[in-house]
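Heads up: the sequence lines are chains A and B, in that order.
FYI, the numbering used here numbers position 288 of the first sequence as 288, with every residue one higher than the one before it.
Heads up, the numbering used here is the position in the second sequence plus 1000, with the first residue counted as 1.
All C-beta atoms, glycine included, are put in the ideal place defined by N, C-alpha and C.
Note that the coordinates shown come from a computational prediction; the quantities given were computed from them, not determined experimentally.
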Amino acid sequence: MTAQPFKRALIDDLLSGRGIWPAVPAIVVLLVVAVIPFAVLLSLGFSEIVASRGVIVSQELSLAPLKAALADPLYHTTFGRSITLALTTTLLCMILGFPVAYLYLVGNGWVRRIILVLTIAPILTSGIVRTYAWIVILGGRGVVNTALMDLGLISQPLRIINTPWAVIIGMVQIHLPIMILPLIAVMSRHDRRLDEASANLGASRLDTLRHVILPLSVPGLGTGAALVFALSYTTFVVPQLLGGGNYLNAATMIYEQVVYALEWNKGAVSAIILMSSCLVVLVVIAGLAHLGSAWTRASRT
Amino acid sequence: MTVLVQPADALAGARPRAAPVIDIRGVVKRFGASTVLERCSLSVQEGEILTLLGPSGCGKTTLLRCIAGFLTPDDGAILIDGRDTAPVPVNRRPVGVVFQNYALFPHLTVAGNVGYGLRMRGLPRPEIIRRVAASLATVSLTGFEGRYPSQLSGGQQQRVAVARVLVLEPRVLLLDEPFSALDAKLRASMQLDLRALIKRLHITAIFVTHDQEEALTLSDRIALMRAGRIEQHGTPEEIYDRPASVYVADFIGTSNFWDGNAAEGAVTFPDGQAVPTALSGAVRVLVRPHNIDLAPAGTGRSGWTGIVRSRRYVGALLEYEIEAEAGATLRAVSLKDEAGAALASGDRVVLRLRSPAACTVFSQP
């Protein structure tokens, strides 16, 4: 290829928006807001740093901070708590979300519209607002306790707020739409004639749900689970506000290390552990979804 | 309105009739304000292949879905082996459905699809494997057990769909346009194969199709439907040779219609011959293309004169379009090696009915 046509083609592409050019602004933004900070984070995490009042005095490459963190029992309990919380949230979202998606599948136009509105509306509200709403609902003089006391079921308020229970309730409510949406996407593509065929072959509704609808929903469950896990594992607002400041998960720990203790070094190490462990779990989820949907890999011969 | 000249059931009375496997009695189905099925009655005998034929929207698929139990009739009853199916839920009916798009489970292999119904019945695994293998053998798909539906051709998918219901030995096989997804050449051979298979296994079957040729090929009997009603029910020969209405005549095969006036038991066709009819007044005469004999003009034969407008080869047949006197356009066919088959476009011809009695006469709508 000679240089001249290549150059003309390049200018042509640039002017007409062909090739990679339309993606260039996004690439630049990603470079500035994601890749460079990520590189800084890595360099902070894999270094021994001497800082004074938050200003780095000296920095040299070292694995010592990472090793120290991995041996620290506080990290074990915090990350263990984070993973447990995220997996519990993911599992509860799957259990609660699937019936909603099933209702969407079998429902008529109105049922479908109502489900869509109810699913999307919370996403349009800020997570912080929704979390504060839970404080109102679950608080000592909140809706739940008032109702239970008025009914005479309890004599003094239950302690829900500032407990792990409140955190789980809030986490599930915040993340449920993220699980439902990919499931609805699968359901809206679902061929109802498969359900008729299943019934015609002798299956009850439950059989059809178990042997046809559920297996065909695996790709949606996988996507939903990956999204919910990634978001709930790294979440900060809900544990901070509903856990009453004493519920330490990975994100709240990083926040304290960086904002209060000004330990950028430790914060970076925690962030690296958080990211890499998240990635490991996501790979496992993707692998399970992959195994559970073998048919999608069968190609036409 | 159309009048039944020769009732379709005139011959049926002579045939010995056992209790029908399927007995459809006055079934009505409405969707909102529109009535899709209006008092449909029909019966299918043991081992018989019946086709519900009609244009889209005539209610044929709705009737099929009522039999399968996917829809509940608003009135009337559907009996299988003399028992009302109304209280029988869809998954307990002795009916196997082959869907238009086959509705194979994409997440299950061929063996998984065929074995699905047996699994739902809780059969032990070794028996499922044995019966799946036997069923796949009947549709010549041995060795395809481990494939997914997406790895099969359209014809193979159809055979899996058939094997999947036949393995359960249903009393009735329902097939909803099972050939519509196949290309023309494959369709013809699959039609013959499927008919042979159904006959060999002596299964009672109901096909749904809008393709009249398919109906004529496959069926022992045809029920021609129109706007939610069964217009005529009979053998392919009865429907073709003695259509009950202009609509049926027009739907099945190629038809020539000629309007005339009948009196004293006959209507005089333009070729001078008398077509017998019990009707009087304005009538419409149906003449099938093979009932028209063509001869070159000027050979001294009497008849209805006309001009050949076009000629078309249809395999061993020649199909002519003739513009007859008084502006009528008629279609005639003749065998290629018959005398007079050398007619060319523009030739003057004399038309004569081969058999006036083979014409069907309707009162004019």
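Cross-chain neighbours of residue i in chain B, by beta carbon under 8 Å
| i | result |
| --- | --- |
| Gly202/A | Asn1091, Arg1092, Gly1117, Met1120, Arg1121 and Leu1168 |
Partner residues on chain B for residue i, Cβ-Cβ distance less than 7 Å
| i | result |
| --- | --- |
| Ala298/A | Tyr1148, Ser1150 and Gln1151 |
| Val212/A | Phe1105 |
| Asp207/A | Met1120 |
| Trp264/A | None at all; the shortest Cβ gap to chain B is about 49 Å. |
Residues near residue i by beta carbon distance below 8 Å, same chain, minus five either side
| i | result |
| --- | --- |
| Ala1010/B | Residue placement at Ala1010/B cannot be trusted, given a pLDDT of 42 that sits under 50; what the coordinates show is reported in the next sentence. Counting only Cβ-Cβ distances below 8 Å, and skipping sequence neighbours, we find nothing. |
| Gly17/A | none |
| Ala1357/B | Val1275 and Pro1276 |
| Gly45/A | Pro65, Leu66, Asn265, Ala268, Val269, Ala271 and Ile272 |
| Ile128/A | Val237 and Leu241 |
| Leu214/A | Phe98 |
| Val144/A | Ile137, Leu138, Leu158 and Ile160 |
Bounding residues of the alpha helix (DSSP H) (the contiguous stretch that carries residue i)
| i | result |
| --- | --- |
| Trp264/A | Trp264 to Leu291 |
| Lys1060/B | Lys1060 to Ala1068 |
| Val111/A | Gly109 to Leu124 |
| Gln173/A | Pro164 to Arg189 |
| Trp134/A | Gly127 to Leu138 |
| Lys1336/B | Here Lys1336/B belongs to no alpha helix (DSSP H), and DSSP marks it neither H nor E. |
| Thr146/A | Val143 to Asp150 |
| Tyr1148/B | Note, Tyr1148/B: premise wrong, no alpha helix (DSSP H); not H, not E. |
| Phe79/A | Pro73 to Val106 |
Bounding residues of the beta strand (DSSP E) (the contiguous stretch that carries residue i)
| i | result |
| --- | --- |
| Arg1034/B | Here the sequence assigns Ser to residue 1034/B, which means Arg is not the residue at that position. Taken as a continuous stretch (DSSP letters only), the beta strand (DSSP E) holding Ser1034/B covers Ser1034 to Val1044. |
| Tyr1313/B | Trp1304 to Val1314 |
| Leu1050/B | Ile1049 to Leu1053 |
| Phe1269/B | No beta strand (DSSP E) holds Phe1269/B; DSSP gives it neither H nor E. |
| Glu196/A | Unbroken run through Glu196/A is the alpha helix (DSSP H), Arg192 to Asn200; no beta strand (DSSP E). |
| Thr1209/B | Thr1204 to Thr1209 |
| Thr208/A | Run containing Thr208/A: none in the beta strand (DSSP E); it sits in the alpha helix (DSSP H), Arg205 to Thr208. |
Neighbourhood of residue i by C-beta distance below 6 Å, restricted to the same chain and skipping five residues each side
| i | result |
| --- | --- |
| Pro65/A | Asn265 and Val269 |
| Met1/A | With a pLDDT of only 47 at Met1/A, under the threshold of 50, the placement of this residue in the model should not be trusted; the figure read from the coordinates follows. Cβ neighbours of Met1/A beyond the five flanking positions: none. |
| Gly1346/B | none |
| Val1350/B | Ala1295, Ala1297, Arg1301, Gly1303 and Thr1305 |
| Val50/A | Val57 and Ser58 |
| Val1036/B | Lys1029, Gly1059, Thr1062 and Gly1228 |
| Arg1065/B | Leu1071 |
Minimum C-alpha distance to residue i - residue among the options
| i | options | result |
| --- | --- | --- |
| Ala1188/B | Arg1200/B, Ala1161/B, Val1285/B and Leu1216/B | Leu1216/B |
| Gly1054/B | Val1165/B, Val1267/B, Asp1250/B and Glu1145/B | Asp1250/B |
| Pro157/A | Pro164/A, Met149/A and Ala39/A | Met149/A |
| Pro239/A | Ile184/A, Trp134/A, Asp207/A and Cys278/A | Trp134/A |
| Thr1085/B | Asp1293/B, Gly1154/B, Arg1025/B and Ile1252/B | Arg1025/B |
| Met171/A | Leu87/A, Leu291/A and Gln59/A | Leu87/A |
| Pro177/A | Val259/A, Gly244/A, Pro25/A and Ile123/A | Ile123/A |
| Ile180/A | Thr119/A, Ile168/A, Ser188/A and Thr125/A | Thr119/A |
| Arg1147/B | Pro1170/B, Leu1108/B and Ile1292/B | Leu1108/B |
| Ser1041/B | Ala1033/B, Phe1031/B and Pro1073/B | Pro1073/B |
| Leu1174/B | Trp165/A, Ala197/A, Asn162/A and Ser188/A | Ala197/A |
| Glu293/A | Val111/A, His211/A and Pro37/A | The residue you asked about is not Glu; residue 293/A is Ser in the sequence shown. That would be His211/A, whose Cα lies nearest to the Cα of Ser293/A. |
| Ile254/A | Leu74/A, Pro5/A, Tyr104/A and Gly107/A | Leu74/A |
| Phe229/A | Arg8/A, Thr77/A and Ile83/A | Ile83/A |
| Glu1325/B | Arg1311/B, Arg1348/B, Lys1336/B and Leu1343/B | Arg1348/B |
Nonlocal neighbours in the same chain, by C-beta distance under 7 Å from residue i, ignoring five residues either side
| i | result |
| --- | --- |
| Asp1023/B | Ser1043 and Leu1079 |
| Val1333/B | Pro1289, His1290, Leu1317, Leu1318 and Glu1319 |
| Ala226/A | Leu282, Ile285 and Ala286 |
| Val988/B | The requested residue 988/B is not part of the displayed model; chain B covers only 1001 to 1365. |
| Val1167/B | Val1114, Gly1117, Leu1118, Arg1131, Val1132 and Ser1135 |
| Gly220/A | Pro182, Leu183, Ala185 and Val186 |
Contacts of residue i in chain A (Cβ-Cβ under 7 Å)
| i | result |
| --- | --- |
| Ala1068/B | Asn200 |
| Phe1099/B | Arg193 and Ala197 |
Partner residues on chain A for residue i, Cβ-Cβ distance less than 9 Å
| i | result |
| --- | --- |
| Gly1154/B | Within 9 Å Cβ-Cβ: nothing; Gly1154/B doesn't reach chain A, min ~11 Å. |
| Gly1096/B | Asn200 and Leu201 |
| Arg1164/B | Ala197 and Leu201 |
Chain-ordered neighbours of residue i on chain B, where CB pairs are closer than 9 Å
| i | result |
| --- | --- |
| Ser216/A | Residue identity check: residue 216/A is Leu in the sequence provided, not Ser. Those within 9 Å of Leu216/A in chain B are Phe1105, Pro1106 and His1107. |
| Trp295/A | Phe1105, Pro1106, His1107, Leu1108, Thr1109, Tyr1148, Pro1149 and Ser1150 |
Task: 3 or more residues per run - each beta strand (DSSP E) lying fully within the stretch 1151-1187 of chain B - done: 1172-1176
- [ ] Ignoring anything shorter than 4 residues or poking outside the stretch 214-267 of chain A, list the alpha helix (DSSP H) runs there in chain order.
- [x] 218-233, 237-242 and 250-255
Open item on the list: Extract the residue ranges of the alpha helix (DSSP H) inside the stretch 1211-1253 of chain B, only unbroken runs of 4 or more that lie entirely within it.
Closed with: 1212-1218, 1236-1241 and 1246-1251
Open item on the list: Quick check for students: name the residue ranges of the beta strand (DSSP E) that lie wholly in the stretch 1063-1133 of chain B, counting only runs of 3 or more.
Closed with: 1075-1080 and 1095-1098
- [ ] Could you tell me which uninterrupted alpha helix (DSSP H) segments, each at least 4 residues in length, are contained entirely in the stretch 17-48 of chain A, listed from first to last along the chain?
- [x] 24-30 and 36-45
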